[in-house]
Amino acid sequence: MSATLTPRKLPTQARAKARIQRVLDATQAILNRDGPAALTTPAIAAESGVSVGSIYQYFPNKEAIVLALYEARLAEIRGEAASAQDDGETDWRVFFRRWIGQIKAREETVGYGLSMSAAFEHFPLLADVEPMHAQALADGVVAQLKRFGSTWPDEALFDLAIYAYYLDSVTWRYWTVAQARLPQGVERLIETVIALLAPALEGGAPPPPPYAPRRAFSRS
Numbered sequence: 013m014s015a016t017l018t019p020r021k022l023p024t025q026a027r028a029k030a031r032i033q034r035v036l037d038a039t040q041a042i043l044n045r046d047g048p049a050a051l052t053t054p055a056i057a058a059e060s061g062v063s064v065g066s067i068y069q070y071f072p073n074k075e076a077i078v079l080a081l082y083e084a085r086l087a088e089i090r091g092e093a094a095s096a097q098d099d100g101e102t103d104w105r106v107f108f109r110r111w112i113g114q115i116k117a118r119e120e121t122v123g124y125g126l127s128m129s130a131a132f133e134h135f136p137l138l139a140d141v142e143p144m145h146a147q148a149l150a151d152g153v154v155a156q157l158k159r160f161g162s163t164w165p166d167e168a169l170f171d172l173a174i175y176a177y178y179l180d181s182v183t184w185r186y187w188t189v190a191q192a193r194l195p196q197g198v199e200r201l202i203e204t205v206i207a208l209l210a211p212a213l214e215g216g217a218p219p220p221p222p223y224a225p226r227r228a229f230s231r232s
């Protein structure tokens, strides 16, 4: 992770942990209410009741606060995806319908919302966070496609999986326009992804290369 996003220190005492939680809660409130353009360190300080100086003791910038707010939630979503990767289901359509539905439900449970998507797009320092998440979930899709017997080469499967992941951005755009997480968005996403994956699992030929490449992310 870039040094510009690394917390300066981690709270160890209960009082400090509570202070940091107020900062994170205030950040979420501002993003939900006013959007990422309104997020500044003074605004977070005013919302949380924690001084700007105290915030800077822990975080180098507002982007680091946003990352701290969301990285645990992204990890929970990936954990949900991993937990169902071998549930014994033998019908790939049933599996993927259930799996995608569970991931989308987990997103809502942990607070991965429209404000989070907007924040990642707004702050350049966070530009790699969502693609890293996307690649991790795409790898999970590849593993499932292989488990259900796809004979496509790994590069073609990853290309398919990353495309399937970014179909989800259409759902988020739809929800942004609707200003609500309408359930038909998930239903349409699931059916579209099922149709996309079908050739890889039902004897279709893979498209010829080139394919979307894997990206190398720095975590230094």
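For the working numbering, count along the sequence shown from 1 and bump the result up by 12.
Cβ atoms here follow ideal geometry from the backbone N, Cα and C, with glycine treated the same way.
Distance check for residue 157 and residue 215, CA to CA, integer angstroms please. 12 Å
Checklist entry - When we look at the beta-carbon of residue 181 and count the other beta-carbons within 10 Å, is it buried (16 or more) or exposed? => result exposed
Taking its Cβ as the centre, do 16 or more other Cβ atoms sit within 10 Å of residue 170, making it buried, or is it exposed? buried
In this structure, how does DSSP classify residue 218 when only helix, strand and coil are distinguished? coil
message: Pop quiz: residue 17 and residue 76 are said to be a contact at Cβ under 8 Å. What is the actual Cβ separation, rounded to whole angstroms?
response: 5 Å
Review point. With a Cβ-Cβ cutoff of 9 Å, do residue 138 and residue 132 count as a contact?
Key: yes
Given a threshold of 16 other Cβ atoms within 10 Å of its Cβ, counted over all protein chains shown, does residue 197 qualify as buried or as exposed?
buried
So, residue 145 versus residue 86, is the Cβ gap smaller than 9 Å? yes
Three-state class that DSSP yields for residue 106 in the structure shown:
helix
CB contact flag (residue 115, residue 89, <9 Å): yes
* residue 173: which of 30, 91, 188, 204 sits nearest, CA to CA? -> 204
- [ ] Would you kindly work out how many angstroms separate the C-alpha atoms of residue 71 and residue 47, rounded to a whole number?
- [x] 20 Å
| message | Beta-carbon within less than 6 Å of residue 186's beta-carbon, same chain only, minus the 5 sequence neighbours each way: which residues are those? | response | 197
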